[in-house]
Amino acid sequence: MSKVTLKIIGDHQMNCGGCEGNVKFTLSQVPGVTEVSASNQTQLVEVAMNTDISVETLQTALLGIGYQAELA
Numbered sequence: 012m013s014k015v016t017l018k019i020i021g022d023h024q025m026n027c028g029g030c031e032g033n034v035k036f037t038l039s040q041v042p043g044v045t046e047v048s049a050s051n052q053t054q055l056v057e058v059a060m061n062t063d064i065s066v067e068t069l070q071t072a073l074l075g076i077g078y079q080a081e082l083a
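Just add 11 to the spot in the sequence shown (first one is 1) and you have our numbering.
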C-alpha cells in the first residue's frame, strides 16, 4: 500500500467539514483508493491506495469539484 499527500492550492480551498467530506468522497471513488483524510486547517489531503494511481489522476478528480492540488 502506498500513500500520497496533496496540498490544496489556489483560490478555492477547503473551508469547513463539508468541504473535507466532499474531497474525501470524491477521491474515495477513484478505483484503488482505500482511505482518504483531509484537513481544512492545513489544506492537506492524504490518500492511501492499494494500486499505483498517478498523482495526475487524483488531481483530475479534485479539479472536477473545483480544487487544484499539488504534491505536498
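Each residue gets a CB set at the ideal place from its N, CA and C atoms; glycine is no exception. Given the structure is predicted, the values throughout are model-derived calculations rather than measurements.
- With 16 or more other Cβ atoms from the protein chains shown falling within 10 Å of its own Cβ, M60 counts as buried.
- At a Cβ-Cβ threshold of 8 Å, Q79 and Q54 do not count as neighbours.
- Cβ neighbours of K18 within its own chain (closer than 7 Å, five residues either side excluded): Q54, L55, A80, E81, A83.
- For S65, no beta strand (DSSP E) segment is defined, and its DSSP state is neither H nor E.
- T16: member of the beta strand (DSSP E) spanning 13-20, first to last residue.
- Checking the DSSP bridge columns, you'll see A80 partnered with I19.
- When the five nearest sequence neighbours on each side are left out, the beta carbons in the same chain lying within less than 8 Å of the beta carbon of T16 are those of L55, V56, E57, V58, L82, A83, in order along the chain.
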